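For reference, the structure is listed below as structure tokens.
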Amino acid sequence: MTGHLLPLLPIADAAVAAGHEVAVLSAKDVTDQVAPLTVLAAGPNQSAMVDEALRRTGAHPAYPGPSTIEYFASVRIDFGLDEALAQARGFAPDLIVCEEVDFLGPLVATILGVPWAENTVGAPLPEEFAGGLKQRSLANYEARSLTPAPRIALLDSYPDVLLGQGRRPDADRIRVRPVANEHGGSAYTPPAFASDRPRVLVTLGTTVTVTVPEAKDELAAMVSAVIGAGCDVIVTEGADLLPADLDHDRVRTVGFVPLSKLLPEVDLVVSAGGTGTLLSALSQGIPLVLRPYIADQPQNAALTAAAGAAVAIENPADAGTAARRVLDDPAYRTAAKAVAAELASTSSPAEALDELIARCAQGA
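If you read the sequence shown in this note's numbering, its first letter stands for residue 13, the second for the next number, and so on.
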């Protein structure tokens, strides 16, 4: 799932910049998304594994529950371990960095005796859900008479300010600054508009429109509402998803473009609340309107709204009113800038990489 893959890339890019050899172990169909990084293909593509989770549980893994646990802690191992081990042995890594619900990577690290680090992809998981994932993943070790190797670090980009005073950080945490994705997509020229109206990015990410049946219609409703609120709109989808009667002087469809190229052009982001889009916008002090659907999006929307950096909505037709509210009240941008200031104070990916390498050396 793209939202789990892209947060790993800033550390990968930092490693490349430092002269290290880097590869991404994943399904072959991520090659375009992570270009120019090297991909070590292992296992079938995401859709095949989603289908298997559906077959086993009767539910889609994008909706947190037993199917999600089965997808991450069982299906990916059953379908990908042999190829992952072969690829990893050929590459011979000195360090493996895994996203937090990747239970294949730590198993590979344990089998090969290689240190590994965990990279968060969002807010801390609910305890019951995290416990279910851990319990299911332990079966993969028990079946092979293995004891899981402990991680050497937790790379964490989620802002403390969104979580409040009750957070208890892990002792091995390295706080690392989120970086807007720079990978994938084709050549991009910022679109021109014939006015100085506020410019709004409307994006549901890479998963919602292919997972949630009503999302395409809701995207169109959100775009229409934001235009009606007096804004110009950039949409990360094709024109075929939008109503023919839209004022096309006010909207530009750009398809998939890395957020690093889109965010400097906009005053506001309307999104589903995926962590990648959320943190990329907040790291630049851009407030949001959030219409959550799946995975951790409802949690992200609630936390960001509570921090005053976003308005959360349930009805897509409310996107225009919410956009106007955020644009007209400077308190939302002030709150977003407060999050940006916190994130700017954390380690850069290069600094986090240096700490990871130091911890590897300590354990050698």
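Glycine included, C-beta positions come from ideal geometry on N, C-alpha and C. Keep in mind it's a predicted model, so treat the numbers as computed, not measured.
- The beta carbons of Arg337 and Val323 sit about 6 Å from each other, so the pair counts as a contact at 8 Å.
- In the DSSP assignment, Glu130 falls within the unbroken beta strand (DSSP E) covering 128 to 131.
- If you look at Asp168, you'll find it in the beta strand (DSSP E) that goes 166 to 168.
- Residue range 244 to 247 is occupied by the beta strand (DSSP E) that includes Asp244.
- Residues Ala129, Glu130, Asp184, Arg185, Ile186, Glu367, Leu368, Arg371 of the same chain have their beta carbon placed closer than 8 Å to that of Ala165, with the five preceding and five following residues left out of the count.
- Pairing Val36 with Val46 gives a Cβ-Cβ distance under 8 Å.
- Here Glu82 is buried, its C-beta having at least 16 other C-beta atoms within 10 Å.
- Restricting attention to Gln374, Lys273, Gly286, Thr80, the CA atom closest to the CA of Glu194 is found in Lys273.
- The beta carbons of Val224 and Ser359 sit no closer together than 8 Å.
- Distance from the CA atom of Val173 to the CA atom of Glu226, rounded to whole angstroms, is 33 Å.
- When the Cα atoms are used, Asn152 and Asn312 turn out to be separated by approximately 31 Å.
- A check of alpha carbon separations from Ala54 across Ala26, Leu66, Pro304, Arg88 identifies Arg88 as the nearest.
- Counting along the chain, the unbroken beta strand (DSSP E) around Val212 starts and ends at 211 to 215.
- Contact between the segment 292 to 300 and the segment 228 to 240 is absent: fewer than three C-beta pairs spanning the two stretches fall below 8 Å.
- Ala74 is classed as buried because its beta carbon has at least 16 other beta carbons within 10 Å across all chains shown.
- Here Leu216 is near Ser283, since their CB atoms are less than 8 Å apart.
- Note: Val109 is bridge-paired with Ala129 in the DSSP secondary-structure output.
- By the CB criterion at 8 Å, Pro202 and Glu277 fall inside the cutoff.
- Cβ-Cβ distances below 8 Å link Pro361 to Pro22, Ile23, Asp25, Ala26, Val188, Arg189, Val191 in the same chain, with the five nearest sequence neighbours on each side left out; the list follows chain order.
- Sixteen is the threshold: since fewer than 16 other Cβ atoms of the shown chains lie within 10 Å of the Cβ of Glu154, the residue is exposed.
- By the C-beta density criterion, Leu302 is buried, having at least 16 other C-beta atoms within 10 angstroms.
- Secondary structure note for Leu302: its beta strand (DSSP E) is the uninterrupted segment 300 to 302.
- Around the CB of Leu158, fewer than 16 other CB atoms lie within 10 Å, so the residue is classed as exposed.
- The criterion of a C-beta distance shorter than 8 Å is satisfied by Ala96 and Val120.
- For secondary structure counted as the beta strand (DSSP E) over 3 or more consecutive residues, the segment 15 to 75 holds these complete runs in sequence order: 35 to 38, 50 to 53.
- Here the alpha carbons of Leu167 and Gly286 stand approximately 18 Å from one another.
- Glu326 is classed as exposed because its beta carbon has fewer than 16 other beta carbons within 10 Å across all chains shown.
- Comparing alpha carbon positions, the residue from Ser149, Ala65, Ala319, Ala331 closest to Ala343 is Ala319.
- With a threshold of 16 other beta carbon atoms within 10 Å, Ala356 falls short and is exposed.
- Within the same chain, Cβ atoms closer than 7 Å to the Cβ of Ala364 are found at Ile23, Leu167, Ile186, Val188, the five residues on either side in sequence being excluded.
- The C-alpha of Val238 lies about 7 Å from the C-alpha of Val245.
- Pro48 and Asp41 have their alpha carbons spaced roughly 14 Å apart.
- Its Cα nearest to that of Pro19, the residue Leu271 stands out among Val263, Leu271, Phe91.
- For Thr201, no beta strand (DSSP E) encloses it, and the DSSP letter there is neither H nor E.
- The Cβ-Cβ distance between Leu145 and Ala100 does not fall below 8 Å.
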